[in-house]
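Engineer:
Residue numbers (full-length UniProt numbering): 1 to 247.
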């Protein structure tokens with residue numbers, strides 16, 4: 001007997017047992033293909049209450065497979081439960097507006113190169129009156145006298161007299177009206193007039209000082225150690241010079 005006949009007979013025995021069971025339950029079956037093909041069996045549908053509905057629900061019965069499933073491990077799902085009573089966190093406060101441009105301006109930067117030093121300002125040339133004052137103090141220093149200092153009221157009186165002589169074309173210590181140097185100094189606001197020197201025609205401080213130092217009376221006034229203040233005036237129109245001293 002061949003192996004195929006033996007297997008068919010075994011299937012037949014199995015079907016006999018199965019048919020007997022199905023027949024007892026009042027079911028039907030159908031064998032679609034021979035040998036070891038797919039077998040379809042129809043069984044009556046049974047309701048949950050145990051009463052047959054009379055309808056047949058087919059299902060497929062396939063030969064048992066020897067392939068074993070590969071076991072797999074599935075991690076249990078983690079369920080996070082949020083409490084309905086939890087108060088949601090408030091949203092973060094909005095960031096204040098920033099200005100990059102402004103932030104760059106406020107940050108000090110260092111420069112590798114130092115700022116160039118400003119060019120030194122040239123010394124201003126002393127006025128003619130200032131030059132005369134300096135020359136007077138040079139001569140007083142040689143004579144052992146203290147220097148005289150400039151006084152604004154005496155400057156006003158001396159400049160006024162030089163301008164007046166230039167405008168009215170006269171050369172004298174007294175005005176045409178008879179006003180003396182002491183009167184002019186007092187009128188200018190200085191209460192202690194001392195002496196006066198005048199000159200005409202010199203065009204520089206050095207030249208006029210040489211003229212005065214070559215005159216005994218004018219030299220005596222310049223080197224009078226009792227005199228403490230000096231005012232100088234010059235009118236370049238005609239070159240009229242005036243020195244007014246005060247105590």
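For glycine and all other residues, C-beta sits at the position ideal for the given N, C-alpha and C.
Using only CA atoms, which one of 200, 229, 142 lies nearest to residue 185?
Structural biologist: Locating residue 185 in the chain shown gives position 185, counting from the first residue. It is 229.
Engineer: Classify residue 202 as helix, strand or coil using the three-state DSSP reduction.
Structural biologist: The residue you call residue 202 lines up with position 202 of the chain shown. Here residue 202 sits in coil by DSSP.
Engineer: Since residue 233 contacts residue 160 with CB under 8 Å, what's their CB separation in whole angstroms?
Structural biologist: Against the chain shown, residue 233 aligns to sequence position 233. Against the chain shown, residue 160 aligns to sequence position 160. The pair is a contact, with the Cβ atoms about 7 Å apart (cut-off 8 Å).
Engineer: Report the residue from 162, 247, 231 whose alpha carbon sits nearest the alpha carbon of residue 131.
Structural biologist: In the chain shown, the residue the question calls residue 131 occupies position 131. The candidate whose alpha carbon is nearest that of residue 131 is 231.
Engineer: With DSSP as the reference, identify every bridge partner of residue 190, one or two as the case may be.
Structural biologist: Sequence index remark: in the chain shown, residue 190 carries index 190 (1-based). Partner(s): none; residue 190 has no beta bridge.
Engineer: Hey, is the stretch 239 to 246 in contact with the stretch 182 to 200, meaning 3+ C-beta pairs nearer than 8 Å?
Structural biologist: Contact holds: three or more Cβ-Cβ distances are below 8 Å.
Engineer: Whole angstroms is fine: what's the gap from residue 165's alpha carbon to residue 172's?
Structural biologist: For the purposes of this step, residue 165 is taken as the residue at position 165 of the chain shown. For the purposes of this step, residue 172 is taken as the residue at position 172 of the chain shown. So the alpha carbons of these two residues sit roughly 8 Å apart.
Engineer: Taking the alpha-carbon positions, what's the residue 133 to residue 148 distance?
Structural biologist: Here residue 133 refers to the residue found at position 133 when the chain shown is read from its first residue. Here residue 148 refers to the residue found at position 148 when the chain shown is read from its first residue. Rounded to whole angstroms, residue 133 to residue 148 spans 8 Å at the Cα level.
Engineer: Measure the C-alpha to C-alpha separation of residue 181 and residue 215 and round it to an integer number of angstroms.
Structural biologist: As a first step, residue 181 is located in the chain shown; it is residue number 181 there, counting from the start. As a first step, residue 215 is located in the chain shown; it is residue number 215 there, counting from the start. Each residue's alpha carbon lies about 19 Å from the other.
Engineer: For residue 225 and residue 146, which I take to be in contact (beta-carbon distance under 8 Å), what is that distance rounded to the nearest angstrom?
Structural biologist: Here residue 225 corresponds to residue number 225 of the chain shown, with the count starting at 1. Here residue 146 corresponds to residue number 146 of the chain shown, with the count starting at 1. Between residue 146 and residue 225 the Cβ distance is about 7 Å, and since that is below 8 Å, they are a contact.
Engineer: As a quick exercise: from 235, 223, 239, 236, pick the residue whose alpha carbon is nearest that of residue 141.
Structural biologist: Translated into positions along the chain shown, residue 141 becomes position 141. Residue 223 is the option with its Cα nearest to residue 141.
Engineer: Which of the three DSSP states is assigned to residue 177 in this structure?
Structural biologist: Mapped onto the chain shown, residue 177 falls at position 177. The answer is coil: DSSP assigns residue 177 none of H, G, I, E or B.
Engineer: By Cβ distance, which residues of its chain are closer than 7 Å to residue 48, with the 5 residues on each side in sequence left out?
Structural biologist: Position 48 of the chain shown, counted from the first residue, corresponds to residue 48. Caution applies to residue 48, whose pLDDT of 44 falls short of 50 and renders its modelled position unreliable; the model cannot decide the point.
Engineer: Kindly give me the distance between the Cβ atoms of residue 211 and residue 205, rounded to whole angstroms, as I take these residues to be in contact under 8 Å.
Structural biologist: In the chain shown, residue 211 corresponds to position 211, counting from 1. In the chain shown, residue 205 corresponds to position 205, counting from 1. Actually they do not touch by this definition, with Cβ atoms about 11 Å apart.
Engineer: Can you tell me the Cα-Cα spacing of residue 236 and residue 129, whole angstroms?
Structural biologist: Residue numbering aside, residue 236 sits at position 236 when the chain shown is read from its first letter. Residue numbering aside, residue 129 sits at position 129 when the chain shown is read from its first letter. Rounded to the nearest angstrom, the two C-alpha atoms are 12 Å apart.
Engineer: Hey, quick one: how far does the beta strand (DSSP E) through residue 246 stretch, first residue to last?
Structural biologist: Numbered from its first residue, the chain shown carries residue 246 at position 246. Note, residue 246: beta strand (DSSP E), 240 to 246.
Engineer: Rounded to the nearest angstrom, what separates residue 220 and residue 143 at their Cα positions?
Structural biologist: The residue given as residue 220 occupies position 220 in the chain shown. The residue given as residue 143 occupies position 143 in the chain shown. Their Cα atoms are separated by approximately 11 Å.
Engineer: Given that a residue counts as buried once 16 or more other Cβ atoms are within 10 Å of its Cβ, and exposed if not, what is residue 151?
Structural biologist: Numbered from 1 along the chain shown, position 151 holds the residue referred to as residue 151. Classification of residue 151: buried, given that the 10 Å Cβ count is 16 or more.
Engineer: Looking at the structure shown, is residue 227 part of a helix, part of a strand, or coil, going by DSSP?
Structural biologist: As a position in the chain shown, residue 227 is number 227, starting the count at 1. DSSP places residue 227 in coil when its eight states are reduced to three.
Engineer: Please state the DSSP three-state secondary structure of residue 151.
Structural biologist: One-based indexing of the chain shown puts residue 151 at position 151. It is coil, neither helix nor strand.
Engineer: Among residues of its own chain, excluding the 5 on either side of residue 168, which ones have a beta-carbon nearer than 8 Å to its beta-carbon?
Structural biologist: Mapped onto the chain shown, residue 168 falls at position 168. Counting only Cβ-Cβ distances below 8 Å, and skipping sequence neighbours, we find 176.
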